[in-house]
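Residue numbers (the working numbering), protein chains in the order written: chain X, 114 to 968; chain B, 553 to 785.
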Amino acid sequence: MAGFRFLLRNFTLRSLLRNRLRSALTVLGIMLGVAILLAINLANHTALERFRQSVDIVSGQTNLEILPTAAVAMDEVILADLHWIWDEGGTYAPVLVQTAVAAEGGRGIMQVLGVDMVSDYRHRPFQWADGGEPDDPLSIFNRNRLYTGYEFAKDRGLRVGSTLPLLINDRVHEFTVAGILAQGGLGAVYDGNLLLMDISTAQVVYDFRGRINRIDLIVPDDRLAEVKARLADTLPDGLTVQSPERRGQQVAKMLRAFQLNLMALSFIALLVAMFLIYNTMSISVIRRRPEIGTLRALGTPRRRIMALFLLEALVQGVVGSLLGVGLGILLAFQAVEGVSATVETLYTGMPVTGVDVSAAVVLRAFFIGVGLTLLAALPPVFEAASVHPAEATRRAQFESRILQVSGKLPLVSIILWALAFWASGQPPVEGFPVFGHAASLLTVLGFALVMPLVLMALFRVLRPVMRFFFGAEGALSVENLKGSLGRTSVAVASLMVAIAMTVSLAVMIGSFRETVKVWVQQSITADIWIEPLWRKLNTSRRLSPEISGRLAQIEGVAFVDDFLEFPIEYGGDPANLAVGDFDVFAQKGNLIFLDGEPTRQVIERAICSQGAIITEPFAYRHGIGKGDTVTLDTPRGEAELLVEGVYYDYASELGYIVIPWTVYHQYYEDHSLSGIALYLDEGADAAVVRREIVDALGGETRVSIMTRQGLREEVLRVFDETFAITYALHVISITVAILGIMNALFTLVLESRREFGILKYIGATAGQIRKMVLIEAGVLGLLGNFAGLAVGFLLSFLLIYVINRQSFGWTIQFAVPLDFLVQTFLLIMVTAILSGLFPARLAAKTVAPAVLREE
Amino acid sequence: MTADPKIQLENVSKRYEAHDVHAVNDVSLAIAAGERVALMGPSGCGKSTLLNLVGGIDRPSAGKIRLNGQDLGQLSDRQLTDLRRERIGFVFQFFNLLSTLTVAENVALPLELAGNVSAAEVRRRVGEALEAVELGDRAAFYPSLLSGGQMQRVAIARAIIHRPDVLLADEPTGNLDSENGRRVMDLLTHLCREGNQTLLLATHSEGAARHADRIAHMKDGKIVGIETPVGQV
Numbered sequence: 114m115a116g117f118r119f120l121l122r123n124f125t126l127r128s129l130l131r132n133r134l135r136s137a138l139t140v141l142g143i144m145l146g147v148a149i150l151l152a153i154n155l156a157n158h159t160a161l162e163r164f165r166q167s168v169d170i171v172s173g174q175t176n177l178e179i180l181p182t183a184a185v186a187m188d189e190v191i192l193a194d195l196h197w198i199w200d201e202g203g204t205y206a207p208v209l210v211q212t213a214v215a216a217e218g219g220r221g222i223m224q225v226l227g228v229d230m231v232s233d234y235r236h237r238p239f240q241w242a243d244g245g246e247p248d249d250p251l252s253i254f255n256r257n258r259l260y261t262g263y264e265f266a267k268d269r270g271l272r273v274g275s276t277l278p279l280l281i282n283d284r285v286h287e288f289t290v291a292g293i294l295a296q297g298g299l300g301a302v303y304d305g306n307l308l309l310m311d312i313s314t315a316q317v318v319y320d321f322r323g324r325i326n327r328i329d330l331i332v333p334d335d336r337l338a339e340v341k342a343r344l345a346d347t348l349p350d351g352l353t354v355q356s357p358e359r360r361g362q363q364v365a366k367m368l369r370a371f372q373l374n375l376m377a378l379s380f381i382a383l384l385v386a387m388f389l390i391y392n393t394m395s396i397s398v399i400r401r402r403p404e405i406g407t408l409r410a411l412g413t414p415r416r417r418i419m420a421l422f423l424l425e426a427l428v429q430g431v432v433g434s435l436l437g438v439g440l441g442i443l444l445a446f447q448a449v450e451g452v453s454a455t456v457e458t459l460y461t462g463m464p465v466t467g468v469d470v471s472a473a474v475v476l477r478a479f480f481i482g483v484g485l486t487l488l489a490a491l492p493p494v495f496e497a498a499s500v501h502p503a504e505a506t507r508r509a510q511f512e513s514r515i516l517q518v519s520g521k522l523p524l525v526s527i528i529l530w531a532l533a534f535w536a537s538g539q540p541p542v543e544g545f546p547v548f549g550h551a552a553s554l555l556t557v558l559g560f561a562l563v564m565p566l567v568l569m570a571l572f573r574v575l576r577p578v579m580r581f582f583f584g585a586e587g588a589l590s591v592e593n594l595k596g597s598l599g600r601t602s603v604a605v606a607s608l609m610v611a612i613a614m615t616v617s618l619a620v621m622i623g624s625f626r627e628t629v630k631v632w633v634q635q636s637i638t639a640d641i642w643i644e645p646l647w648r649k650l651n652t653s654r655r656l657s658p659e660i661s662g663r664l665a666q667i668e669g670v671a672f673v674d675d676f677l678e679f680p681i682e683y684g685g686d687p688a689n690l691a692v693g694d695f696d697v698f699a700q701k702g703n704l705i706f707l708d709g710e711p712t713r714q715v716i717e718r719a720i721c722s723q724g725a726i727i728t729e730p731f732a733y734r735h736g737i738g739k740g741d742t743v744t745l746d747t748p749r750g751e752a753e754l755l756v757e758g759v760y761y762d763y764a765s766e767l768g769y770i771v772i773p774w775t776v777y778h779q780y781y782e783d784h785s786l787s788g789i790a791l792y793l794d795e796g797a798d799a800a801v802v803r804r805e806i807v808d809a810l811g812g813e814t815r816v817s818i819m820t821r822q823g824l825r826e827e828v829l830r831v832f833d834e835t836f837a838i839t840y841a842l843h844v845i846s847i848t849v850a851i852l853g854i855m856n857a858l859f860t861l862v863l864e865s866r867r868e869f870g871i872l873k874y875i876g877a878t879a880g881q882i883r884k885m886v887l888i889e890a891g892v893l894g895l896l897g898n899f900a901g902l903a904v905g906f907l908l909s910f911l912l913i914y915v916i917n918r919q920s921f922g923w924t925i926q927f928a929v930p931l932d933f934l935v936q937t938f939l940l941i942m943v944t945a946i947l948s949g950l951f952p953a954r955l956a957a958k959t960v961a962p963a964v965l966r967e968e
Numbered sequence: 553m554t555a556d557p558k559i560q561l562e563n564v565s566k567r568y569e570a571h572d573v574h575a576v577n578d579v580s581l582a583i584a585a586g587e588r589v590a591l592m593g594p595s596g597c598g599k600s601t602l603l604n605l606v607g608g609i610d611r612p613s614a615g616k617i618r619l620n621g622q623d624l625g626q627l628s629d630r631q632l633t634d635l636r637r638e639r640i641g642f643v644f645q646f647f648n649l650l651s652t653l654t655v656a657e658n659v660a661l662p663l664e665l666a667g668n669v670s671a672a673e674v675r676r677r678v679g680e681a682l683e684a685v686e687l688g689d690r691a692a693f694y695p696s697l698l699s700g701g702q703m704q705r706v707a708i709a710r711a712i713i714h715r716p717d718v719l720l721a722d723e724p725t726g727n728l729d730s731e732n733g734r735r736v737m738d739l740l741t742h743l744c745r746e747g748n749q750t751l752l753l754a755t756h757s758e759g760a761a762r763h764a765d766r767i768a769h770m771k772d773g774k775i776v777g778i779e780t781p782v783g784q785v
């Protein structure tokens, strides 16, 4: 053991210190990889945790809840049928969950909880903040009274008795603060953006008289199963009973594809860092072959050699991962900001703030960092253990081995590509494209393995080209790279991976954007759109139905299309139901149906059959097609509707069932609207009509009025916001790859010191040596760029036609974002050459006699 | 000896402060054009350091070195590089060929780095140089396929391709058997005579030193004696 400690100190740790720069680059690479992984994981975790915590606190002691499955609300008369719950030792309380916007000073969307203030204390006990206690406990039952959370009250300087104007749907209502909740518990959920009011007040201001949208139940644990079963049997159509956690599970389910894809992307930086680790460890082994040989000759067993190198990797892995954890926690705040808007807009309807630094998530990222470091170090470690005592010569042996092996690697690549091809044809596993991601990884790995062979061929072509452009230095640079084929291959492969991922994603996003752009151009045909303010952040916000009638009177308005949409559950999965005016659709709509059938034809058929149309993601998720039926669990029983057509739509990955108002009215009582689309007379001026609308609605109605162009731009803005974080992830992956290039260049410079020394003796200037290293950097950048582009295009096919399709069910038309690709190409070239500056300076400073004496 | 020596060393010293070593200590020596001088002495006596100082690879701590009357101390690094490129050829003990280049490419390097010679001229002179060292048929070979003696002949061809005034050879036979060593020294001597080149040779080998006109014996960085070899080759 003492011997091992001696070797550890003098062989392993001293080497790390002596090669500080190389160790630092590797540690930096691991750090960035782990940081990104952790930041994304923490952001994902926080988004879900915040939702779950809010559900937990708002649910309080509730262990069962009754919800409408495919409607906005339920009739409160159902409460009269639940008295038997008392006999089971349980309680129940009606709830109306809505949203409001603080009309002044903007704090975004507020969650409004309307509860029965008489009986709800059993479900959601809360405490008053200091000075927040109501003057009169019964005042909450007065008109327009509410309780606020402490933070919100503090932010706005509210006290008991203060007035608070709230924008509820399309009207401003004046409320009076009747009490202020203490900072913890209920007062802190939704980031403090919770307002509590008596259910009767909520029903009035939201125009939900006699209706509620949830019933919370507390049932003794030993009776839970029986009560749940009895409720399931006796509840009327359109209602379901479930545990409150299920809402968290549903959100987790909705977020899964988004989060898993983001997580897969966050692994790229670490994957690229693995090449860096492999490279560093290989160099470490190659440079010390004579030492290993000597140690072996002195009787050091193979396993001890392996242990020494593994420990070297472990030290770098642990240091890099620890630093990565620190940076990751900092970056998580940025990542949360990056995903918050997407998560809020598309999934949970609530903002994500702060970072929930979960020890489990942090530890997982740390161990993944250390684990992958050791995994990447394994091949060089085995290489070290295989050094024969008599074989302790230098690099030449490693490089000749690379040449020997490189002949066999294409066979392995072909096998990997065949596997990738097979995997790309496999179905998703529980909605996640596991095989699609595996196919990407196998494809990339296949290309990384043929890299030595490809480079050998390319160097032959490149040499005369570089000689032509850069003279002897150009040719010598190519020869230098060729002489270190193993190292060059790893550097180019790591850059290839990072660039390929960026290119493939850029092509996918570019194609997706182009597809959405065309879809928006074709599908958004109405001239003016009217929605409640903040509807983009919360789709439950509504317009008063009477507005529609007023708008129809305005001169220049040809057609009014009232529409409504709300989340439903379909086959146990979240989905959306939308209602529209099919008569208007038939005349003015321009939906693009999968089978190319004209909109008018499909819609007229749907009007006749009183059927439905569905979006492509819905069809994909539920395996439903044209001619099949969809079954809606409505308040008035099951509605079986014939699917008359499936159309392209990119508004929601959960998909939509769209039905005409006539069908809706047969099964539903709610008459609220999500928005109104207006089609103007030919020649009517949209700006003039818009002014007329503002006048017609009067000062009391607060709505968003958008022109067709405005809405089209808005859709693309939300699209860009959703994908902003993916670009950030790729910038970091490329940074790690550039670190790889720098590392490779340092190594090449260190290993070429003898050559530089000779060149100095025979008359090479420092400038010529600097130029050679910069050319090498440029050649590495160029090769990585081209390889990355080629592999990137292949991956983009997998992304578009397999991964994205299986995750979201969208058909995307292939398009190439040429601008972005050219910019990325140039940026990488410049960065690669810049990364060569320091190694070039180092090379130019080579002291010729000293290196020749050493060598 | 002529009045204007090709190489003139005046009280040249080289001290490595970090190691507190006087590698070369107050050496004065004048070498005429076309003269062949061998530096002999044990390892570490300062022979190689002296060659590096003369070649402008290193700068003396004290004293002056003149080449063709030009004080090397007055030249910038760039001018020293130009000087090496145009007027000096190096031959090393371990040949120092670039393994990734062919024999012809190795020989052509000094001209390629100079960049002012046409491709046709480079080809012609490489051919000449290789013929001169009797390796015309090995032009396309890589160094790893040559014997030690052949590699040293390639190194000599590389050292003379740009027709330098001065050849600096550091233990050129140190890595060769005696027969190959003799042949390399015969070749070097022959080429120097033919081109009227000045040769400064650092060696352990008495056999190699016998090819010189004078032998300077060195010890602890100093020249402790100069002799004319008996039975000069």
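Heads up, the beta-carbon is just placed ideally off N, CA and C, and yes, glycines get one too. The model shown is predicted, which means the values in this text are computed figures rather than measured ones.
Kindly give me the distance between the Cβ atoms of Ser617(X) and Gly905(X), rounded to whole angstroms, as I take these residues to be in contact under 8 Å.
-> 5 Å
Start-end ranges of the alpha helix (DSSP H) lying completely within the segment 710-756 of chain B, minimum 4 residues | 730-747
So does the segment 733-740 of chain B actually touch the segment 701-712 of chain B, counting three or more Cβ pairs closer than 8 Å?
-> yes
Which word fits Pro594(B), buried or exposed, when buried means at least 16 other C-beta atoms lie within 10 angstroms of its C-beta?
-> exposed
Mind checking the segment 647-664 of chain B against chain X and listing, in chain order, the residues whose C-beta falls within less than 9 Å of any C-beta there?
-> Asn648, Leu649, Leu650, Ser651, Thr652, Leu653, Glu657, Ala660, Leu661, Pro662, Leu663 and Glu664
Under a three-way DSSP split, which group does His574(B) fall into?
-> strand
Pull up the distance between the alpha-carbon of Thr506(X) and that of Arg401(X), whole angstroms please.
-> The predicted model places Thr506(X) with a pLDDT of 48, which falls under 50 and marks its position as unreliable, so this point remains unresolved.
Using 10 angstroms around the beta-carbon of Trp632(X), count the other beta-carbons present and answer buried if the total reaches 16, otherwise exposed.
-> buried
What are the complete beta strand (DSSP E) segments, minimum 3 residues, inside the segment 253-279 of chain X?
-> 258-261
Measure the alpha-carbon distance for Ala498(X) versus Met376(X) and round it to whole angstroms.
-> 35 Å
Say the cut is 6 Å; is the CB of Arg258(X) nearer than that to a heavy atom of the ligand MG?
-> Among the components modelled here there is no ligand, and therefore nothing to report on the ligand MG.
Where does Trp642(X) fall in DSSP's three states?
-> strand
State the Cα-Cα distance for the pair Thr554(B) and Met394(X), rounded to the nearest angstrom.
-> In this prediction, Thr554(B) has a pLDDT of 46, which is less than 50 and means its spatial position is unreliable; nothing more can be read from the coordinates.
Burial state of Glu864(X), where buried means 16 or more other Cβ atoms lie within 10 Å | buried
Nearest CA to the CA of Phe927(X): which residue from Ser920(X), Ile913(X) and Asn917(X)?
-> Ile913(X)
Simplified DSSP state of Thr744(X), which is helix, strand or coil = strand
Is any beta-carbon of chain B found at less than 7 Å from that of Tyr874(X)?
-> yes
Quick one, which of Val816(X), Tyr760(X), Arg573(X) and Gly709(X) has its alpha-carbon nearest Ser657(X)'s?
-> Val816(X)
Quick one: does Ile713(B) have its CB under 7 Å from some CB of chain X?
-> no
How about Leu259(X) and Phe239(X): are their beta carbons less than 7 Å apart?
-> no
Distance between Pro349(X) and Leu485(X) (C-alpha atoms, nearest Å) = 54 Å
Return the bridge partner residues of Glu287(X) from the DSSP annotation.
-> Pro278(X)
Write down the C-beta distance between Leu309(X) and Ile179(X) rounded to the nearest angstrom, noting that I regard them as a contact closer than 8 Å.
-> Actually they do not touch by this definition, with Cβ atoms about 21 Å apart.
So, Asn154(X) versus Val474(X), is the Cβ gap smaller than 7 Å?
-> yes
Arg637(B) at chain X interface by Cβ criterion, 7 Å = yes
Looking only at C-alpha atoms, which of Ile293(X), Gly750(X) and Met819(X) sits nearest to Ile96(X)?
-> What is shown of chain X runs 114 to 968, which leaves residue 96(X) out entirely.
Would DSSP call Leu308(X) helix, strand or coil?
-> strand
In angstroms, rounded to a whole number, what distance separates the CA positions of Thr775(X) and Gln723(X)?
-> 8 Å
Can you say whether His158(X) is buried or exposed, counting buried as having 16 or more other CB atoms within 10 angstroms of its CB?
-> buried
If we call anything under 7 Å between Cβ atoms a contact, is Ile667(X) one with Ala382(X)?
-> no
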